[in-house]
Amino acid sequence: MKPFSHRPLPCMNLSSHAVAGTLVVLTLVGCSSTSNEYQAPPPPEVTTAKPVLQTLTIFIEENGETEAVEQADVRARVGGFVQGISFAPGQLVEKDQELYKIEPDTYQANRNAADATVQAAEAAIQVSEASLASALASVQKAENDLKRERQLEASNAGSQASLDAALAARDSSQAEAKAAEANIEADKAKLLQAKAQLAQAELDLEYTIVRAPIDGRVSKTEIKLGNLVQVGSTLASVVDQRTIFANFSISDRKLLELVEARPETEEPADSPEDWSKIPVYLQRDGDSTQWMSGNLDYVDQRGIDQRTGTFGLRAVFDNEDGKLLPGMFVIIRLPVRQIENAVLIPERAIVRNQTGSYLMLVDGDNQIEQREISVGQTLDGWALVRDGLEADETFVLDGLQRARPGSKVSPTITELSTEDSPMLKAAIDSSVDDAPPTETED
């Protein structure tokens, strides 16, 4: 369609009877030789860039859930009324720090009674030992008397009755000695029992002070001051969140990739030390940039779950800053291989529709070309381009709505960098002795 143009009006010869004002207006408007043709607008402005080339680590990505490394319930080990609570909810406590005090009066009385029983048992043993000593003396006297009577009988100076009496006295004294020995053993058994009761009473008295089982932060109390607690009642919980586990599973196919990526070490194959060489990265659900680094801590020794076809793993992360809480859903990434000279572009430059993924390229004449590309893994807002883009080609980064295939644009080029992308930087930093296998991106 031809652009519309205004034709100049033809000049008019006015008679002498025309009004002077009208003559001036017609002369200025109708006799002008200047044309008013349509002027095309300038090309739209867009921001363009070239891709970034660098070594890129390919990751296995799965969802996981965090778990406290140490968590212990604070339970009452004796029953009674709570006399004191020595902490505030959320307070950081140390192992064996006092948390609760249960009324100790009954347990103090039981301890005193048990101690008295021990002392009585010790006294009974002393009495039995004295009886044994007396019995042994009687045995010795009876033995001497019997010996003398036998000598008299041998010389026909004694009587049979005297001999029989001496023999009976000897046997009786021996029986009394054995009874004294038995009494001592019985008293010693009672002493052991009394000491056991004393130890239990002292332990119960000690348990009236409820202490923290581990280091960590204590939860709110489940039992209020003055309430009666039973043996085994849960009073609170202590959680150590300075390190955090993340539990997750991978498919059997991805497990093979992970096994191949495992760095060679001198440790026995499949040992915890061997698996711990594999780095793991964690991102909280909802975060877009921040990643935490850790290591594999445990792999399921039962192997692949036949019901689900998955393999369970666990990673451990430092959590001194407290950014992770038990029970959080997280994203887990494990490096499996590296690609050299990977072509990376920001994800926002990609146009996606039902037919595929496209880039708007800008040629040397600043003309737009729409080209289909093959996109690989995405990391931190960046996408790996596997096919369809060369390292020296320029694409539209911002202003895609103004870039039409076949039209021209006014580009402003910007230089891209991945320095502010934690995962891409972590991927570069991981290319050390323990780095996963490397491949070249064609």
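Here the sequence shown is numbered in numbering that gives the first Met the number 0, starting from 0 and rising by one per residue. Ideal placement from N, C-alpha and C gives every residue a C-beta, glycine not left out. Since the model is a prediction, treat every value here as computed from it, not as a measurement.
Of the residues the options, the one placed nearest residue i, counting alpha carbons only
i: residue 321; options: 215, 379, 107, 410; result: 215
i: residue 45; options: 255, 406, 289; result: 406
i: residue 329; options: 348, 286, 296; result: 286
i: residue 180; options: 211, 221, 135, 213; result: 135
i: residue 70; options: 356, 213, 350, 380; result: 213
i: residue 381; options: 116, 345, 110, 109; result: 345
i: residue 401; options: 416, 379, 369; result: 369
i: residue 255; options: 303, 363, 111, 116; result: 303
i: residue 301; options: 295, 311, 307; result: 311
i: residue 282; options: 379, 397, 174, 388; result: 379
i: residue 367; options: 396, 388, 408, 397; result: 408
i: residue 85; options: 154, 222, 155, 397; result: 222
Environment of residue i [buried if 16+ CB atoms lie within 10 Å]
i: residue 217; result: buried
i: residue 231; result: exposed
i: residue 50; result: buried
i: residue 202; result: exposed
i: residue 199; result: exposed
i: residue 138; result: buried
i: residue 80; result: exposed
i: residue 293; result: buried
i: residue 63; result: buried
i: residue 419; result: exposed
i: residue 386; result: exposed
i: residue 403; result: exposed
i: residue 412; result: exposed
i: residue 40; result: exposed
i: residue 211; result: buried
i: residue 337; result: buried
i: residue 110; result: buried
i: residue 233; result: exposed
i: residue 176; result: buried
Length of the line joining the Cα atoms of residue i and residue j
i: residue 277; j: residue 101; result: 49 Å
i: residue 141; j: residue 133; result: 12 Å
i: residue 267; j: residue 83; result: The predicted position of residue 267 is uncertain, since its pLDDT is 49 and thus under 50; a value taken from the coordinates is nonetheless stated next. Using only the alpha carbons, I get a separation of about 53 Å.
i: residue 144; j: residue 165; result: 6 Å
i: residue 167; j: residue 184; result: 26 Å
i: residue 149; j: residue 170; result: 15 Å
i: residue 188; j: residue 196; result: 12 Å
i: residue 126; j: residue 191; result: 17 Å
i: residue 96; j: residue 119; result: 36 Å
i: residue 159; j: residue 151; result: 10 Å
i: residue 253; j: residue 352; result: 29 Å
i: residue 53; j: residue 242; result: 33 Å
i: residue 374; j: residue 87; result: 53 Å
i: residue 414; j: residue 318; result: 36 Å
i: residue 14; j: residue 37; result: In this prediction, residue 14 scores a pLDDT of 46, lower than 50, which makes its location untrustworthy; no coordinate-derived value is stated.
i: residue 250; j: residue 68; result: 25 Å
i: residue 377; j: residue 309; result: 24 Å
i: residue 27; j: residue 35; result: Residue placement at residue 27 cannot be trusted, given a pLDDT of 44 that sits under 50; what the coordinates show is reported in the next sentence. Rounded to the nearest angstrom, the two C-alpha atoms are 15 Å apart.
i: residue 340; j: residue 384; result: 11 Å
i: residue 43; j: residue 347; result: 19 Å
i: residue 354; j: residue 236; result: 55 Å
i: residue 146; j: residue 186; result: 34 Å
i: residue 224; j: residue 131; result: 56 Å
i: residue 204; j: residue 103; result: 6 Å
i: residue 107; j: residue 93; result: 27 Å
i: residue 48; j: residue 326; result: 42 Å
i: residue 239; j: residue 90; result: 11 Å
i: residue 73; j: residue 182; result: 46 Å
i: residue 178; j: residue 172; result: 10 Å
i: residue 121; j: residue 219; result: 48 Å
Bridge partner(s) assigned by DSSP for residue i
i: residue 35; result: According to DSSP, which records beta bridges pairwise, residue 35 is partnered with nothing at all.
i: residue 245; result: 65, 314
i: residue 371; result: 357
i: residue 77; result: Looking at the DSSP assignment, residue 77 forms no beta bridge with any residue, so it has no partner.
i: residue 46; result: 397, 411
i: residue 100; result: 83, 208
i: residue 325; result: In the DSSP output, where bridge partners are listed per residue, residue 325 has none listed.
i: residue 382; result: 344, 377
Whole-Å CB distance - residue i paired with residue j, under 8 Å assumed
i: residue 105; j: residue 324; result: Not quite, the Cβ-Cβ distance comes to about 40 Å (not below 8 Å), so this is no contact.
i: residue 129; j: residue 193; result: In fact, because the Cβ distance is near 20 Å, the residues do not count as touching under 8 Å.
i: residue 206; j: residue 313; result: About 34 Å separates the two Cβ atoms, so there is no contact after all.
i: residue 410; j: residue 365; result: 6 Å
i: residue 422; j: residue 290; result: 5 Å
i: residue 358; j: residue 394; result: 5 Å
i: residue 209; j: residue 55; result: That pair is no contact at about 54 Å.
i: residue 390; j: residue 331; result: No, residue 390 and residue 331 are not in contact; Cβ-Cβ is about 31 Å, not under 8 Å.
i: residue 257; j: residue 57; result: Actually they do not touch by this definition, with Cβ atoms about 12 Å apart.
i: residue 61; j: residue 248; result: 7 Å
i: residue 399; j: residue 361; result: Residue 399 to residue 361, Cβ: 12 Å. No contact.
i: residue 296; j: residue 315; result: 4 Å
i: residue 228; j: residue 78; result: 6 Å
i: residue 396; j: residue 372; result: Rounded, the Cβ-Cβ distance is 14 Å, inconsistent with contact.
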